[in-house]
Every structure is written in structure tokens, then in C-alpha cells.
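Student: If you count the sequence shown from 1, position 121 lands on 121 in full-length UniProt numbering, and the numbers rise without skipping. Beta carbons: idealized from backbone N, C-alpha and C, even for Gly.
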Amino acid sequence: MEKLNTLLIANRGEIAVRIIKTAKALGIRTIAIYTAADATSKHVLAADEAILLPGDDSTAYINGDEIVRIARSHGVDAIIPGYGFLSENVEFAEAIANAGMVFVGPRSEAIEAFGLKHRAREIATAAGVPIVPGTQGLIVTEEDAVAAAEELGYPVSHFPFSSSLRYTSDNRLLQVMLKATGGGGGMGLMICKNIEEVQQSLAQVRSRGETLFKNAGVFMERYYPESHHIEVQVFGNGLGDAIHIGERECSIQRRHQKVIEECPSPFVERHPGLREKLTSAAVALSKSIRYGSAGTVEYLVDDLSGDFFFLEMNTRLQVEHGITELCYNVDIVKLMLQQADRELCGLGGLSKDYLESWQPSEPSGCAIEARVYAENPARNYSPSPGLLQLVEWKEVDGTRIDTWVGTGTRISTYYDPMIAKVMVHGSNRISSIEKIAKVLSDSTICGPPTNLDFLHSIIQSSQFCDGHTLTNFLNDFEFCPTAIDVISPGLYTTVQDYPGRPSAGRGIPQAGPMDPLAFQVANILAGNPTNTEGLEITLKGPELRFLAPACISICGAPMETALDGVDVPMWTRLYIKAGQVLSIGKLTESGGCRAYLAIRGGFPAIAPYFGSKSTSPLLGLGGYQGRALAPGDMLAIEKLDIATTEPQVSLPKNLRPEYTSHWDIYAMVGPYDEGYIVSEDIEMIYDTLWNVSHNATRGGIRLVGPAPRWAREDGGEGGQHPSNVIEYGYPNGTLNWTGESPCIFPVDAPDLGGFISSTTIVSGNLWRMGQLKSGDTIQYRRVSLEDALRIRTRLEKFLEDVAALVTGQCNPETILPAFPPALPDSTQCGDWGKACILSTTVEGSTDSITFRQGGDDFMLVEFGDGNFNLNHRCRVSALDQAFNQARSSDDSLRQAVYKTTGCCNSLLIHYDGLSLPRETLINVLMTLQKGTSDLRGSKVPSRKFSLPICFESPAQEEAIQRYTETQRPYAPFLPSNMDFVAKINGITYDKLVEIFLSVEFMAICVGFFCGDTICLPVDPRYRITCPKQNPSRVNTPEGSVSWGGSCMNIYPVDSPGGYQMTGQTIPCFDQLGIKPGFSPNRPGLFRDFDQITFYRVGKEELEREMARFRSGCYNFQYEEVMFDMTAHNDLLAQTKEEVAEFKSRQATAQVEMLALEKESMDRWMSEKAQNELPADTISLLKEDPDILTIYAPLDANVWKITVADEDIVSAAQPVAILEAMKMEIAISYSEDQKDGVEKQFKVEKILVQPGDIVRAGDAVAFLRNI
């Protein structure tokens, strides 16, 4: 290259990546452009520089003026659009030339001439190239169209006479095509088989042409149904010289869009002499207009006669150019850039000799290309946007995959859904077919549906293998995916497997089924291993069309179940035929809320995340797109031979769990009760008949009942409320007290936090927790560890017996039910043990060490007196490291321990209580603890990060505005969280800013949700405190720097939260671990003992940095350091008096601000209480058979109520609008309409009001049948 130094690629996707590859090989600096929706595209990272386009994502790539402006401001020499978008835009090409740059492609005159199809036909005729019989010029009137159709009909001798075909008045077969003259890419054309269709289609094609191409001109051609689409690759130097680089066959098309292409054409290979005719005509056409750069001459070739006709000339690079490159060992993009360089040098183009040196004689071998699309075969191949959760390409010798996607790429609705071009090259056609079949069958793309299986089916078809495919080949090609088509998803249906991901930690929820008992039985009945993924169905089930045979089972709470409208039983193995529709409706009894659908083989196309296919919808992790199912989803399933001789099996009714509206739940005391709750109210917890509130979800089940009295005045350094403690790991199934409000933490709850947990459900009873729903009552029954293990042992024996029953190896009469009717011995005699198992002093230290139980599978090891102390954090870290080393060398420990969760002064151990006795675990930990030295003088490895912070974040301002509109209208922390944090600590706003910019923050625990990083100021003089927002926000912007209790926190993702927002920085979490600084097994950025400092930036700079982060271009800056505990302890000693003085001022300010908060909260709660519906009224309405309930489909705020009590509404009419994660969701009853008549209902009662928080499955309104 002499003049071409900097190249801007005016395109996206795989072609942008492909162009960048060649440009870099030539030493050309590359500039990519992208939109926010395309931030994860590979071309963004591949270029030397990537620029975010302004404006709307859907139109930004075709804003030629803006692209030219960017090019000029960045010293660009040439712009290459490749294909699509602006590649054939005359005005764009001229604007580039007028700006003093080169358009990498033909001159604008050539683009314009061949852009109008009727004009292109005239040029072809003049060059002696045969054209398809058609009209001369454009059609003006409908009469002209009819006359042309009559004239262009085939002679009847061309086809055998058929009564099914339509003929003209002079006995000619009528087959014509109306084309928009400005059209291309298969758009703007319609086939007409009779005069009526001609008359009807003319206006449609005109309208389409005007809309798509700003040209309403239409012409007509004879349509050849038995034909091939063959094209010739040409290249001209703009000086009158041109060459061809062989032909390609592109006959396999759907809706006039190419699907599979070949080089060379098998039809041409069978017709000697045809290649010479096709290529000579193409070269002659190119020379006739002094064509410059790459181009493609497309022909229609009649299968019967071999006659060929010019269709159009594409004045750009073709999508399928890669197979020509493979067969002819040429880089067409390189030639284009060399041509552009010659133009920049003022030489007009490549020399004739150099150009002709690339003229090939014959193709070498065979190349095949298959276009891979994100599209749904079950929905007429409609585009299927979404997140690609796993992308793994199989590559064999001769494979070339041009793609712009990888794991973590999000397919947008704005652009063409092609995600890759799979190409192979072999020595012959048979070899190439074998290779591409292997690549297509063995590649993995998990996420939205793709056409991989469809492509593989075509490649394997006899017609393709024989090389006899016409342009109408796909019209009659039969393909049906082995999958389930989701007609309607039900209220809340998710993919889960067992046991989820218990070993993940760091804020990645365990997930998995809420009721593991029904889930595992369903799998056993379906013939699966018990851990196989299935569907969890909540309250109301989905309607599923099975596109292939399947073996299923449905277990759990009783629900309406029907196959093609005929009732089918639950707890039974069922066989389903292709085409049948399974409908799972509402609960049929009052007890339980969840059922499980197991399918033989599970869902093979769902990607595992941390070893599990389970979904955590609140955080968008795992499962199918990280969410509940939606209409139009497609779930691939395993192929099944429906002719199986397996007997139908069913679980006897006496062995099925009993689902009631009252539940006795067995639990163990702890980890925190004595010393935190007064003794009488510890007993109250177990004497109370607790009500399950309307907030009962996978993330938390809130209970309604009396508030306990607290044994402490406050939470010390954990927070102002006596329910606060410094952060520790939460056991699954624990009863957590957020203030006076009790909440059971199930499988999608946070894994650590700072509120006490008094009671933990034993593992053998977690299935009952999973069936709790709003309105149920529960009573906790205390059991000992020994009884907890007996309960679990009996449950596991029950599952073993059910598996034996299914295989005919067990008599059902010998199977004991999962649970005995009598209360466990420890419950009856009151011998259930204590939360605190052991408390002693660390050997050689004054520090205490305490062991607390958290059910039969969790142990909490706690150091110190419950205050923040980095010395205790060192002890926790040392014990954690020693324990993990012991696990690595001890098989029994490694298999029995799932994970550890380290926090500031505690270590939670999640283990299998059946295989690892608790006493053994304690002995191991005590032995390891004795082996650790005094760490007060140690030096701890640390990484010191420097992050930008913006104190005027528009995203946080928007979140606060939304909070005041939809949650709480007034509070001392509104409208400025920053002002509130400053005032409650007795400092000014500027002093708070100074603290953020001067203090080092140390990560003391990483978890909660998605690697949420909780930090403590290293210098004790700046350990400010503040309460959390009440109620907590439904949405907190990603990267929010916030304060709650004594800790600073960085929210890693958009999520709910209650910490006071004090600024925004770069997010510290990448779900799939593909960005710099992350990895798939560590999607969170920070580790324990990392240090964070901040530097101030403005709004615009933060937005630029956030854009770089989202595109994967941001590199976190940090240095490896050693944190000196000796120096830190010296600082603690030296600053005692300053710290005491600051705490005194702090306490005074807090008394004043907390009084204001109490006054504000009391007033707001009083206002809300006036509009609340009594609980007994709700219960009566629920029992009314004429009452229908509208449920919230997800966790959200109530933004608007759109109807009033007593209104008459239709089933589809929204009654409320919810707001969640920046989305507005209108909710309605949406009952299926019967007999085409829309049903009417009366609004009996609206249960919520604007500002309320609802959870998935909460009742929002009652409707009455009328």
C-alpha cells in the first residue's frame, strides 16, 4: 500500500470482521463503527479503533453523512462498505469522493446504472448478454401489466400440459415475475401465476419498491420455475480491463434469499462449455462500462435447455465471495483494497498485467457455504434475537467460518439475523459435503433458535448430494425441528436442573428446582437421571406444541393437564406424538404452587452455566436466555423412537406428596437466635402460625406474623437496627430478618448479607418450602441434627425405591412414603440443640472462634466480637485457603463440600451433612485453624484498582426519579442520596466527595448477587455509616457506587438494591466472563483484599468508558501490591482518639436524621394503610369460584393502574402497568378466547396501587366472571 493507510469499514457483522482481517494483513489501520446494540460484535474488538455511532440503533449504519463526518475527523483514506447497507448507495459513494476519500468499490455511475434493473437489462443487451424475456422499460398501467403477462407466457410445448396450471388466451403457460427496478437481495419481487395475481401484485410491488428503495418503478420478466441461480465473480480495474474468477451456484433459496452456495456450480460441471459462455458474457459486460473493483453478474439458467439469461449485476462484494476465494486461492478484498490504493495514487486502478495475473483457468476442488441464521424454524424461520450463551464451532481440515459472534454476543432485532457463514473446501464435491455436514452437526450454538439443523438436513438430502437443486428446491423441502414450540408460556415457567449450581458462589445463586422432590420423581418417571433439566411451572402452566415425539412426566402440585384437549394424568409417564399440544393450566386444588415437566433427554441445546442449566430469572443467568419462557420460544429436545415398548408407569396415589394450604416445616435453630432475639420471642417463632405473604418467589418468601423483640440495642457496626450484623454467608432455606420482616431465603436468594437468620429449614424438607404460595400458613417444627439427617435419608430412600419401581424391580406396596406421619423424636421431647455449637478462643490469641449451625448442610465459622476488623478477615482467608488445600488432597472432603463463602469475620461452609459428619468437619477446621500463625504482622497479596467515578450520574438520577414516582414519594434520602449520606455522618457533601477520592477501600466480601463487592475503608477515620433505603429500589443502575451500613458497595449489574447511591463507576461483572479482566469461571472482577481507589470524571467521560466496557474494549487498571497488616494495625492504634471523636459527631447527626426518617416513614405508611385491603377480604375473594386472579409475571414496581373497581374489561385489556429494569409491562388476564367471542369481566378489586412492589406470582387484581 502506498497511499491507503487508514480504512473505515462502513458495515457490521461478519463482513466487517472479514475485511479487517485482510486490511490488517496489508498493514492498513482499521476503524470500525458500531451501535450500542452491536457492542458485543467481534468487529468492534478486531479493529484498531472502534467508534460508537450516535442516533437510533436501527438507522445508524445507514447514516452516510455521519459516517463520512467520522471518517474525515479520523484521517481516513478510504471507506469500504462490503455489502448491504451503503454498498450500493450512489449518494454515499459520491459523498466519499467529494470529501477527498476513496469509496472501495465501483464508481458511482456503475452503481447507479446497475441499481435500476430495467436500465441494467438495457446495458446487458447492448453488451450482447442474453436477458430474461421481459418488458422493455417500466410498466405504467395495470393494462400494460396484463398485456405483458399474456405476451411473456411460455409456449405450451415448453412444459407438459397440466390442468392445475393457468394458461393465457393463446394457450401459453402464465408464469411471470414483477420486479421493483430498484430492488435487490430478494426484496421487491412477486411471482404471478394468473392474470388476477398480476393485477393484485402490481400495486404491492410498487409500494414495496418505494418503501425499500425510494423507487416505485416496476418491470416484468418471464418466471422460470425449473431453473438455477448461477453467478460469475468479476473484477475490473476501471480502465476497461476485467477478469472473471469462476462461477458459483446459489440456487438453494428461501424467500429469494440464498441459503447454501457452491463453487463451482454442479450444473455447470455437468454441461461442458457453459462455463466459458457464462464467464465470457460477464467479462464482456464488465468491460463495456469500464467496471472497477469486485462485482457479480447473476444469471438465471434454465434447467431443461441450459439457456442462461442475465438477471442483474451486483456492484459490490457478495456474501458468498469466500467460496470463490477457497476454490481459486485469491483474496478478493485484498484486490479491492489494492484497486483503491491505485486510485488514491491517481493511477485509476490496477495494471492490466497485474489484474490478468489473477485470471484463473479452472477451479481447484469444491467449496460449499451455508449461511447460519438466528431464526426459528418452528415459526416460519422468523428472526430470533437474544443472547448466544455458548458458541463452539467444529472445524475440520478446509474449514473457514466467517462470523461476528461468539459466546456472549447478543443478536439484535435491528439487523439481519445471519450470524455466520460456514465454508468448507475439499478436493471434490463429495469430500466437501462430508466436511460441511460434520461442521454443521458438531457445532454448538446455544441461545435463541438457529437454522443449523435445517442446513444439515439440506446437506444430507439426496437432491443436494446428487447436485440437482433448483431455485424452487426449498418450496417442497420438508424439515421439522426436533423441538417444542412454546405457544404460551404460562405464568412463570423456567428451565431448572438439580441441584442447580451449589458450588458456584460469589453471588451466583444456586438456582435449581424449588421443590426437588417432585422434580426428581418427574425425571425418574420420564426415564431420566434425576438431575436432568426440566421445566418448573408456577401457578399456571404453558401450552406446548411438540414438533417431534417425546416421553414426558408431570409431577408436583395438582394442575389441569390435557393433551390435544383430552385430560391426562400427572405422576405418570406419557408418550407424545409429533404435532400434539400439551396444555398445563391452573392449580386444581388449594395446595402447592409448582409442578415439573420432565422430558426424556432434557433440553440439549441449553448451555450450562457453572455446570448447570438452571435459570435465575431475577439476574438473567442460565437457562433459556436467562429468563422465564415466552411465546415463540423453541426448546430443542432429544430424538425419541415413539414406537418404544416401554410400559406406561405411574406413581401410586398413596406415595405422592400431600399438597395442602398449611405446612409443618422442619427446621434447625440458627445460625443466630440466642443473644439476638429475646428468649420468649425465639419460642414465638415456633409457636406462631405464619402466613405466607403475596411476596413469595424464588428469591424470597416473606412471612406475615408478629415482630420479635430484640436482645440488642442496635446492630453495632453492622447497622443501626438490631437485626443487623456484619455480612456473613446465608444458608439456603434460612429465615432471614430484614428489620421486623421475616423472609425465607430459597434457591435464588443472595448468598450473603447483613441481617440475622434465626432458623434454617432442613434439606429433607426444602421441597415443602418450594410449594409455599401466597395465603398459605406454616409452622416451624424444631428438630435435631440427627432427626434432620433421618428425614433426608428417608427421602433419598424413597427416590431410590421409585426408580426401582419404574424399572419393575420393586413392589409399590413395599415402598414407604417420603415422610412419616409422626413428629420426629427431637421435636416431641424438645431436644433440638442450639444454634451455637461451639465457642472457644483461638489458640495463641484473644480472638474468639464460634461455630454456628445453619441446618444440616451449613456451618458458619465466626471470628471475633461482631465488629469490622481486617485482622479477622485475614484469619477467615487463611482458614479458607487451608481448608481448600485440605479438600484438594482428601477425596471425601472434596466430594462432601460444595463451597465456602468468606466474609469479613466469618466463613460459611456448604457441605453434604449425610456424607460428612458435623463433628468431623469441626475437628478438621479446628486442626487447620491451629496451623495458622498470628496474622497481625502478615503481608497480604492485594490488587490496587483505580476506577473512574461520576457523582452526577444520569442513570442514578433517573433511578431516583423513578423511585419517587413508583415507590416512595418523599424521604430524607430523597432526592439526593449523597446529601443524606453526608448529613447522617455530620459532614458536608464536599467532604463526602473528598473521602471517595482519597480513601482506599478494601474488598472484604464478594457475593450477594453477581459478584457484588462490599468494601471497607482501610482508614478507620473514614468509616461512615448510613441506613439503607426503605423500601429498597426495584432498579439500581449497573456500576452504582453506594453506601449501606458501614460499607461501600459497587453494584455489578442492573438489579434491585437498597444501598444509598453515591456515584457510578464501571460495572465489575461480566456474566459469561469474556471481557478483559474476567474469565468464564470468574465473571466477577474483584477478589477478597482487592483495594479500590477512585478518580473523578464527568458524565460524558463516564459514558464513553461505559461504552468501551460494553464493547469489551475497556481494560481495568490495577497494580499488584502487598497489604501490610503491621502498618494497618499501627494506624488503628494511632487513630483511636480521632475515630472516637468522629463517631461522637456521627452519632449526634444520626439521631437527628433517623428521627426525620421515622417521622417520614410513619406518615407514608399511614397514607398507604388507608388504601390497603383487609387480609380476610382477600381470602374470601380467593375462595369465590367466579373470581379470576391476575398475577404479576415478574418482580416489578406498580407504575400505573389503568382500570378501576367495578369497570367492565376484556381478557386482553391491561389492568395495570408494571415497571421493571427500565421496561414497562402491561398486564391483563389474557385468557384464551372461546368461539371467537371475547369474554367480559368485572373488576372486582384492584389489590395494588402505584408505588407498590410486586413479585412474580403476586396477585394484582381480582376479576369476576359476568
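Can you round the beta-carbon distance between Asp331 and Ser227 to whole angstroms, since I take them to be within the 8 Å contact cut?
Tutor: The residue you call residue 331 lines up with position 331 of the sequence shown. The residue you call residue 227 lines up with position 227 of the sequence shown. Not a contact, Cβ separation roughly 32 Å.
Student: Comparing C-alpha positions only, which one of Asn736, Pro264 and Ala374 sits nearest to Ser382?
Tutor: Your numbering for residue 382 matches position 382 in the sequence shown. Nearest of Asn736, Pro264 and Ala374 to Ser382, Cα basis: Ala374.
Student: If contacts are defined as beta-carbon pairs under 8 Å, then Leu7 and Asp57 qualify, I think. What distance do you get, rounded to the angstrom?
Tutor: Translated into the one-based positions of the sequence shown, residue 7 becomes position 7. Translated into the one-based positions of the sequence shown, residue 57 becomes position 57. At roughly 24 Å, the Cβ-Cβ gap does not stay under 8 Å, so Leu7 and Asp57 are not in contact.
Student: Are the CB atoms of Asn11 and Pro106 nearer to each other than 8 Å?
Tutor: What you label residue 11 is simply residue 11 of the sequence shown in a count that begins at 1. What you label residue 106 is simply residue 106 of the sequence shown in a count that begins at 1. No. Outside cutoff.
Student: Within this structure, are the beta carbons of Ile1266 and Lys1245 separated by less than 8 Å?
Tutor: Residue 1266 sits at position 1266 when you count from the first residue of the sequence shown. Residue 1245 sits at position 1245 when you count from the first residue of the sequence shown. For Ile1266 and Lys1245, no; Cβs fall outside 8 Å.
Student: Looking only at its chain, what residues have a beta carbon closer than 8 Å to the beta carbon of Gly675, apart from the 5 residues adjacent to it on each side?
Tutor: For the purposes of this step, residue 675 is taken as the residue at position 675 of the sequence shown. Closer than 8 Å at Cβ, skipping near neighbours: Ala711 and Arg712.
Student: Can you tell me the Cβ-Cβ gap for Arg1096 and Ile949, rounded? I've got them flagged as a contact below 8 Å.
Tutor: Along the sequence shown, one-based indexing puts residue 1096 at 1096. Along the sequence shown, one-based indexing puts residue 949 at 949. About 6 Å separates the two Cβ atoms, so the contact holds.
Student: Starting from the C-beta of Pro708, find all residues in its chain whose C-beta is less than 6 Å away, skip the five residues before and the five after it, and write them out in chain order.
Tutor: Stepping through the sequence shown from its first residue, residue 708 is reached at position 708. For Pro708, where only same-chain residues beyond five positions count, the Cβ hits under 6 Å are Ile677 and Asp681.
Student: For Phe1008, which three-state DSSP category applies?
Tutor: Within the sequence shown, residue 1008 is the residue found at index 1008, counting from 1. Coil at Phe1008, not helix or strand.
Student: Based on Cα-Cα distance, which residue from Thr1126, Val234 and Cys593 lies nearest to Gly246?
Tutor: As a first step, residue 246 is located in the sequence shown; it is residue number 246 there, counting from the start. Closest option to Gly246, Cα to Cα, is Val234.
Student: Where does Ala1226 fall in DSSP's three states?
Tutor: Residue 1226 sits at position 1226 when you count from the first residue of the sequence shown. Ala1226 falls in the strand class under three-state DSSP.
Student: Measure the C-alpha to C-alpha separation of Ser784 and Ile761 and round it to an integer number of angstroms.
Tutor: Sequence index remark: in the sequence shown, residue 784 carries index 784 (1-based). Sequence index remark: in the sequence shown, residue 761 carries index 761 (1-based). Rounded to whole angstroms, Ser784 to Ile761 spans 11 Å at the Cα level.
Student: Can the beta-carbon of Gly348 be found closer than 8 Å to that of Leu239?
Tutor: Numbered from 1 along the sequence shown, position 348 holds the residue referred to as residue 348. Numbered from 1 along the sequence shown, position 239 holds the residue referred to as residue 239. Against a cut-off of 8 Å, the Cβ pair of Leu239 and Gly348 comes out as a contact.
Student: Is Ala1140 helix, strand or coil by DSSP?
Tutor: One-based indexing of the sequence shown puts residue 1140 at position 1140. Reduced to three states, the DSSP call for Ala1140 is helix.
Student: Using only the alpha-carbon positions, how far apart do Gly830 and Pro820 sit?
Tutor: By 1-based counting over the sequence shown, the position of residue 830 is 830. By 1-based counting over the sequence shown, the position of residue 820 is 820. Near 19 Å, if we compare the C-alpha coordinates of Pro820 and Gly830.
Student: Go to Lys899, then tell me how far its beta strand (DSSP E) extends in each direction, as first and last residue.
Tutor: Taking the first residue of the sequence shown as position 1, residue 899 is located at position 899. Looking at the DSSP string, the run of the beta strand (DSSP E) that includes Lys899 is Val897 to Gly902.
Student: Which runs of the alpha helix (DSSP H) at least 4 residues long sit entirely within the region 45 to 81? Give them in chain order.
Tutor: Fully enclosed alpha helix (DSSP H) runs of 4 or longer: 64 to 73.
Student: Which ranges does the beta strand (DSSP E) cover as unbroken runs of at least 3 residues, wholly within the region 843 to 874, from first to last along the chain?
Tutor: With a minimum length of 3 residues, the continuous beta strand (DSSP E) runs that stay inside the region 843 to 874 are 848 to 853 and 858 to 863.
Student: Could you check the C-alpha separation between Glu2 and Phe85 for me, to the nearest Å?
Tutor: For the purposes of this step, residue 2 is identified with residue 2 of the sequence shown, where counting begins at 1. For the purposes of this step, residue 85 is identified with residue 85 of the sequence shown, where counting begins at 1. So the two alpha carbons sit approximately 28 Å from each other.
Student: Taking C-alpha atoms, which residue in Gly1098, Ile960 and Leu655 lies nearest to Lys797?
Tutor: Looking up residue 797 in the sequence shown gives position 797. Ranking Gly1098, Ile960 and Leu655 by Cα distance to Lys797 puts Leu655 first.
Student: Ignoring anything shorter than 3 residues, give me the beta strand (DSSP E) runs that lie fully in the region 473 to 498, in order along the chain.
Tutor: For the region 473 to 498, whole beta strand (DSSP E) runs of length 3 or above, ordered along the chain, are 483 to 488 and 492 to 496.
Student: Do Thr493 and Leu535 come within 8 Å of each other at the CB atom, strictly closer than that value?
Tutor: Numbered from 1 along the sequence shown, position 535 holds the residue referred to as residue 535. Numbered from 1 along the sequence shown, position 493 holds the residue referred to as residue 493. In this structure, Thr493 lies closer than 8 Å to Leu535 by Cβ.
Student: I'd like to confirm the pairing. Which residues does DSSP put opposite Gly556 in its beta bridges?
Tutor: Within the sequence shown, residue 556 is the residue found at index 556, counting from 1. Ala595.
Student: For Arg400, which residues from the same chain have a beta carbon less than 7 Å from its beta carbon, with the 5 sequence-adjacent residues on both sides left out?
Tutor: For the purposes of this step, residue 400 is identified with residue 400 of the sequence shown, where counting begins at 1. Result list for Arg400: Gly322, Leu326 and Met423, in chain order.
Student: Closest by CA to residue 1287, which one among Ile20, Ala145, Gln1064 and Ala281?
Tutor: The requested residue 1287 does not occur in the structure, where the chain is confined to residues 1 to 1266.
Student: In whole angstroms, what separates the C-alpha of Pro385 from that of Pro448?
Tutor: For the purposes of this step, residue 385 is identified with residue 385 of the sequence shown, where counting begins at 1. For the purposes of this step, residue 448 is identified with residue 448 of the sequence shown, where counting begins at 1. Each residue's Cα considered, the two are about 6 Å apart.
Student: Three or more beta-carbon pairs under 8 Å between the region 467 to 482 and the region 535 to 546, yes or no?
Tutor: The region 467 to 482 vs the region 535 to 546: no contact.
Student: Taking a contact to mean a Cβ-Cβ separation below 8 Å, would you say Gly733 touches Ser723 in this structure?
Tutor: Position 733 of the sequence shown, counting from 1, holds the residue named residue 733. Position 723 of the sequence shown, counting from 1, holds the residue named residue 723. Contact: no.
Student: Please state the DSSP three-state secondary structure of Phe308.
Tutor: Counted from its first residue, the sequence shown places residue 308 at position 308. Three-state result, Phe308: strand.
Student: Kindly indicate the opening and closing residues of the alpha helix (DSSP H) around Ile332.
Tutor: Working through the sequence shown from its first residue, we reach residue 332 at position 332. Where Ile332 is concerned, the enclosing alpha helix (DSSP H) stretches over Ile332 to Leu344.
Student: Does DSSP classify Pro941 as helix, strand or coil?
Tutor: Mapped onto the sequence shown, residue 941 falls at position 941. Here Pro941 sits in strand by DSSP.
Student: DSSP three-state call for Ala550: helix, strand or coil?
Tutor: Residue mapping note: residue 550 aligns to position 550 of the sequence shown, counting from 1. Here Ala550 sits in strand by DSSP.
Student: Determine the closest residue to Asn523 out of Met559, Leu574, Asp476 and Ile487, with distance taken between C-alpha atoms.
Tutor: To locate residue 523, count along the sequence shown from 1; it is residue 523. With distances taken between Cα atoms, Asn523 lies closest to Leu574.
Student: Using 8 Å as the threshold, is the region 589 to 603 in touch with the region 553 to 569, meaning 3 or more CB pairs across them?
Tutor: These segments touch.
Student: If we call anything under 8 Å between Cβ atoms a contact, is Gln956 one with Pro1037?
Tutor: Locating residue 956 in the sequence shown gives position 956, counting from the first residue. Locating residue 1037 in the sequence shown gives position 1037, counting from the first residue. Yes, the Cβ-Cβ distance between Gln956 and Pro1037 is below 8 Å.
Student: Would Ile909 and Leu893 be called neighbours here (beta carbons separated by less than 8 Å)?
Tutor: By one-based count along the sequence shown, residue 909 stands at place 909. By one-based count along the sequence shown, residue 893 stands at place 893. No. Outside cutoff.
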